[in-house]
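Read through the structure below, which is laid out as structure tokens, and then see the notes.
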Amino acid sequence: MRLSKILKNSLLVLTACLVLSACATKKEVATDSIKGQMQGDVYTGTDTVEYLAEGVPDRVFFATNESILTTASRETLRAQAAWLRKNPSINVVLEGHADERGTREYNLALGERRANAAKDYLMTYGISSDRITVLSYGKERPVDSGSNPLAWSKNRRSVTVKAN
Amino acid sequence: MLKKIILFFIILIPVNAFALIEVDITRGNLDPLPLAVSPLSIDETSRKSFEKILKKENIGSEISNIVENNLKTSGLFNPLDKKAFLQAPDIANLKPRFEDWNLIKAQALITGKVNYVDDKLRVEFRLWDVLAAKEMMALAFTTVPNNWRRVGHIISDKVYERLTGEKGYFDTRIIYVSEEGPKTQRIKKLAIMDQDGANNKFLTLGNELVLTPRFNPASQMVTYLSYFKNMPRVYLLDIETGTQEVVGDFPGMTFAPRFSPDGKKIIMSFAKDGKSDIYTMDLENRIVEKITNHPSIDTSPSYSPDGKYITFNSDRSGYQQIYVMKNDGSDIKRISFGNGLYGTPVWSPRGDLIAFTKLHKGKFYIGVMRTDGSGERLLTENYYQEAPSWSPNGRVLIFYRETKTDSKGEGFSAKLWSIDLTGYNERQIKTPTDASDPSWSSLLSN
């Protein structure tokens with residue numbers, strides 16, 4: 003009686019383990035395909051990136067609901083600042099964007115906040131605020147129309163665009 | 097134009113004071129009331145006159161079709177098949193044979209008559225309680241023939257009101273954003289249509305991005321966000337004259353506009369230096385007032401119907417939540433405390449509830465809560481949906497829903513949907529293109 007109960011329980015545990023490990027493997031495969039393109043949920047790939055000049059990427063990426071600049075973003079913005087210092091006649095528009103997984107009005111504000119995070123950083127590296135315009139598109143202009151975490155990570159961005 | 101429509105209501109026979117049939121709209125529509133909408137009868141001369149003017153073979157049937165469709169989509173009524181009707185429309189309107197209508201299980205009956213009188217369309221209609229064999233209501237009115245669709249909506253409103261005890265919402269319009277093209281380059285236009293999807297009209301050409309149009313509850317004005325000249329600003333549009341103007345003189349993006357209940361102010365967000373605050377502008381004296389002042393994002397403001405309070409969306413706690421404050425910005429209280437993020441609060445025209453969008457574990461919900469945040473009820477769950485707008489009687493919500501794209505990033509669509517406050521009767525509202533950001537007008541006639 004007792005033994006059968008123990009056996010039954012251990013059988014249950016065993017089945018549970020099998021189910022769990024199956025799940026774990028599946029998940030690994032799924033994340034594997036986007037490995038190297040995301041860190042946490044910040045996009046680290048180069049698919050959508052364009053260049054303002056050689057070695058000067060035009061955009062930085064953000065985590066969900068965040069406007070904090072990552073180490074990589076700060077590096078990109080320092081390169082942009084150096085390029086802007088070398089080209090004093092060029093003005094820029096910082097276009098802030100959000101992914102599709104948020105309400106429209108909040109995302110407009112979030113896009114503005116992201117572009118301003120980039121603007122503040124450029125300013126600390128000597129670029130005058132007169133040369134920078136901020137424009138938020140919220141979730142209105144995604145670069146990737148996919149409905150998956152990788153697509154969303156590409157869309158959470160601030161893009162520096164030449165204004166003249 | 098719209099305001100000029102003259103409707104003469106004449107009560108033909110005093111309405112019986114004691115209650116006959118009653119429809120309870122506070123519960124789900126599990127048992128819609130069976131009713132018969134007899135086609136409005138029309139004499140041959142009138143029929144021919146209207147056929148010439150309106151290009152409709154039988155305007156009497158057309159009007160009753162509108163009534164039937166409205167009552168059906170409300171989910172509270174079950175209009176019976178006309179093929180089963182035993183009595184001719186003209187005779188039914190004079191004196192229904194209640195046994196015949198009882199036989200087909202109709203509990204209520206609508207009859208009526210259309211006439212062409214002095215270049216006008218004259219309608220009379222009656223609502224009958226079949227079981228009690230009594231007349232419940234009789235009304236007549238006159239208008240220009242072109243208003244025939246509105247006549248159908250007004251009859252629907254009167255019937256709805258008589259049977260439920262609450263104002264209807266059929267003689268109303270919806271302003272929304274029409275969408276076309278690939279997701280990465282959507283073309284968006286302002287569009288307007290009747291509540292049932294008829295008379296769709298585009299108000300802008302699609303040259304610039306437009307978002308979030310909202311009706312003035314007191315007039316035919318609309319406020320919306322336009323990216324005209326790549327400067328996102330709140331605009332005011334008179335849909336009768338087509339004139340538009342930018343609202344206020346802000347050195348940055350203004351967005352999320354709505355009117356105050358009296359229509360005299362616009363409340364909106366202004367974003368600057370990474371923070372968004374709430375402002376109002378008085379449309380008469382142009383005075384701008386700052387209502388909130390916080391380093392967070394404060395947006396999506398909506399007034400209570402008495403104008404004394406404002407509900408809004410803020411991430412001052414770290415994430416998007418719903419707050420309520422007095423109309424001068426004092427006494428700010430967070431009211432959403434459930435799991436997940438909350439956005440787009442909209443105060444019900446009845447004053448008792450706030451509708452919202454909720455994001456929880458990757459799903460979007462449309463829900464309602466009391467104005468103190470208690471009694472949260474989620475009405476519908478989906479991959480993506482947001483931006484509820486109330487019917488003027490506070491019984492139905494309209495919102496938009498987007499679909500997931502496939503692995504190639506294709507198959508995207510955005511559509512308008514409505515749902516009853518009870519959580520039942522979810523329906524798609526057909527639009528010629530994809531659609532989002534709906535806003536419901538007040539009743540055009542009262």
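Chains as they are written, first to last, in our numbering: chain A, 3 to 166; chain B, 97 to 542. Cβ atoms here follow ideal geometry from the backbone N, Cα and C, with glycine treated the same way. Being a predicted model, the structure only gives us computed values, none of them experimental.
Next item on the list: Mind the definition here: the segment 497–505 of chain B touches the segment 465–473 of chain B only if three or more C-beta pairs lie below 8 Å; say whether that holds.
Entry: Segment contact: the segment 497–505 of chain B against the segment 465–473 of chain B, fewer than three CB-CB distances shorter than 8 Å; contact not assigned.
Margin query: My output table needs one value for residue 189 of chain B: the three-state DSSP class, helix, strand or coil.
Written below: Helix at residue 189 of chain B.
Next item on the list: Would you verify that the beta carbon of residue 500 of chain B is, or is not, closer than 8 Å to some beta carbon of chain A?
Entry: It does: the Cβ of residue 500 of chain B has a partner Cβ on chain A nearer than 8 Å.
Check: So, is residue 180 of chain B buried or exposed, given that buried needs 16 or more other C-beta atoms within 10 angstroms?
Finding: Exposed, because fewer than 16 other Cβ atoms sit within 10 Å of the Cβ of residue 180 of chain B.
Checklist line | Three-way DSSP call (helix, strand, coil) for residue 522 of chain B in this model | finding: Of the three classes helix, strand and coil, the one that applies to residue 522 of chain B here is coil, per DSSP.
Margin query: Along the chain, where does the alpha helix (DSSP H) containing residue 86 of chain A start, and where does it finish?
Written below: Counting along the chain, the unbroken alpha helix (DSSP H) around residue 86 of chain A starts and ends at 73–88.
Item checked: Bounding residues of the beta strand (DSSP E) (the contiguous stretch that carries residue 163 of chain B) -> Taken as a continuous stretch (DSSP letters only), residue 163 of chain B belongs to no beta strand (DSSP E), being part of the alpha helix (DSSP H) at 155–169.
Notebook entry, point to check: Which one of B:451, B:284 and B:254 has the shortest CA to CA distance from residue 301 of chain B?
Noted result: Here the closest residue by C-alpha is B:284.
Note to self: My parser needs the beta strand (DSSP E) runs of 3 or more residues fully inside the segment 331–369 of chain B; what are they?
What the structure shows: Runs of the beta strand (DSSP E) inside the segment 331–369 of chain B: 340–342, 350–355 and 361–368.
Note to self: On the DSSP letters alone, give me the boundaries of the alpha helix (DSSP H) that residue 249 of chain B sits inside.
What the structure shows: First-last of the alpha helix (DSSP H) with residue 249 of chain B: 244–260.
Notebook entry, point to check: Which residue or residues does DSSP assign as beta-bridge partners of residue 329 of chain B?
Noted result: DSSP lists B:322 as the beta-bridge partner residues of residue 329 of chain B.
Next item on the list: Tell me, please, which residues DSSP counts as bridged to residue 216 of chain B.
Entry: BP columns for residue 216 of chain B point to B:213.
Item checked: Own chain, CB closer than 7 Å to residue 412 of chain B, minus 5 neighbours either side, in chain order -> Non-local beta-carbon contacts of residue 412 of chain B in its own chain, meaning distances under 7 Å to residues more than five positions away in sequence, involve 390 and 392 in chain order.
Notebook entry, point to check: Using the beta-carbon count (16 or more within 10 Å), is residue 433 of chain B buried or exposed?
Noted result: It counts as exposed.
Item checked: Cα-Cα separation, residue 438 of chain B to residue 418 of chain B -> Between residue 438 of chain B and residue 418 of chain B, the C-alpha separation is close to 6 Å.
Item checked: Supposed contact pair residue 353 of chain B and residue 343 of chain B - C-beta distance, whole angstroms, cut 8 Å -> Their Cβ separation, rounded to whole angstroms, is 7 Å, which keeps residue 343 of chain B and residue 353 of chain B in contact under 8 Å.
Next item on the list: Note down, in chain order, every chain B residue with its Cβ under 9 Å from the Cβ of residue 44 of chain A.
Entry: Result: empty, since nearest Cβ-Cβ is about 18 Å, beyond 9 Å.
Next item on the list: Can you have a look at residue 339 of chain B and say buried or exposed, based on whether 16 or more other CB atoms are within 10 angstroms of its CB?
Entry: Residue 339 of chain B comes out exposed.
Note to self: With a threshold of 8 Å between beta carbons, is residue 265 of chain B in contact with chain A?
What the structure shows: No, its Cβ sits nowhere closer than 8 Å to a Cβ of chain A.
Next item on the list: Specify whether the segment 135–147 of chain A and the segment 95–114 of chain A touch according to this definition: at least 3 beta carbon pairs, one from each stretch, less than 8 Å apart.
Entry: Segments in contact, yes.
Note to self: Between residue 108 of chain A and chain B, is the shortest Cβ-Cβ distance under 8 Å, so that the two count as touching?
What the structure shows: It does: the Cβ of residue 108 of chain A has a partner Cβ on chain B nearer than 8 Å.
Checklist line | Coil, strand or helix - residue 1 of chain A by DSSP | finding: With chain A represented from 3 up to 166, any question about residue 1 of chain A goes unanswered, as that position is not in the structure.
Check: With DSSP run on the structure shown, which of helix, strand or coil describes residue 106 of chain A?
Finding: Looking at residue 106 of chain A - three-state DSSP - the assignment turns out to be helix.
Notebook entry, point to check: Buried or exposed: where does residue 156 of chain A fall if 16 or more other Cβ atoms within 10 Å of its Cβ makes it buried?
Noted result: By the neighbour-count criterion, in which a residue is buried when 16 or more other Cβ atoms sit within 10 angstroms of its Cβ, residue 156 of chain A is buried.
Item checked: Unbroken beta strand (DSSP E) run spanning residue 546 of chain B, endpoints -> Residue 546 of chain B lies beyond the residue range present for chain B, which begins at 97 and ends at 542; the question has no answer from this structure.
Note to self: Strictly by DSSP, which residues pair up with residue 286 of chain B?
What the structure shows: Per DSSP, B:273.
Notebook entry, point to check: Among A:69, A:76 and A:125, which one has its Cα closest to the Cα of residue 370 of chain B?
Noted result: The shortest C-alpha to C-alpha distance from residue 370 of chain B to any of A:69, A:76 and A:125 is the one to A:69.
Item checked: Candidates B:482, B:420, B:539 and B:436: closest to residue 106 of chain A by CA position -> Residue 106 of chain A has its Cα closest to that of B:482, out of B:482, B:420, B:539 and B:436.
Margin query: Taking the beta carbon of residue 141 of chain B as the centre, do at least 16 other beta carbons fall within 10 Å, making it buried, or is it exposed?
Written below: Residue environment for residue 141 of chain B: exposed (fewer than 16 other C-beta atoms within 10 angstroms of its C-beta).
Checklist line | Spatial distance of residue 495 of chain B from residue 305 of chain B (CA atoms) | finding: One C-alpha to the other measures close to 20 Å.
Next item on the list: For residue 416 of chain B, name the three-state secondary structure that DSSP assigns.
Entry: DSSP places residue 416 of chain B in coil when its eight states are reduced to three.
Notebook entry, point to check: If you drop the 5 nearest sequence neighbours on each side, which residues of the same chain put their C-beta closer than 6 Å to that of residue 459 of chain B?
Noted result: Cβ neighbours of residue 459 of chain B within its own chain (closer than 6 Å, five residues either side excluded): 477.
Next item on the list: Could you pull out every residue in the same chain whose Cβ sits closer than 7 Å to the Cβ of residue 130 of chain B, ignoring the five residues on either side in sequence?
Entry: Within the same chain, residue 130 of chain B has close Cβ partners 174, 176, 201, 202 and 203.
Notebook entry, point to check: Any idea what DSSP makes of residue 24 of chain A, helix, strand or coil?
Noted result: Unreliable positioning characterises residue 24 of chain A in this predicted model, as indicated by a pLDDT of 40, which lies under 50. The coordinate reading is nonetheless provided below. Per DSSP, reduced to three states, the secondary structure at residue 24 of chain A is helical.
Notebook entry, point to check: Where residue 336 of chain B and residue 493 of chain B are concerned, what is the direct C-alpha to C-alpha distance, given to the nearest angstrom?
Noted result: Computed Cα separation, rounded: 26 Å.
Item checked: Burial state of residue 192 of chain B, where buried means 16 or more other Cβ atoms lie within 10 Å -> With 16 or more neighbouring CB atoms inside 10 Å of its own CB, residue 192 of chain B falls in the buried class.
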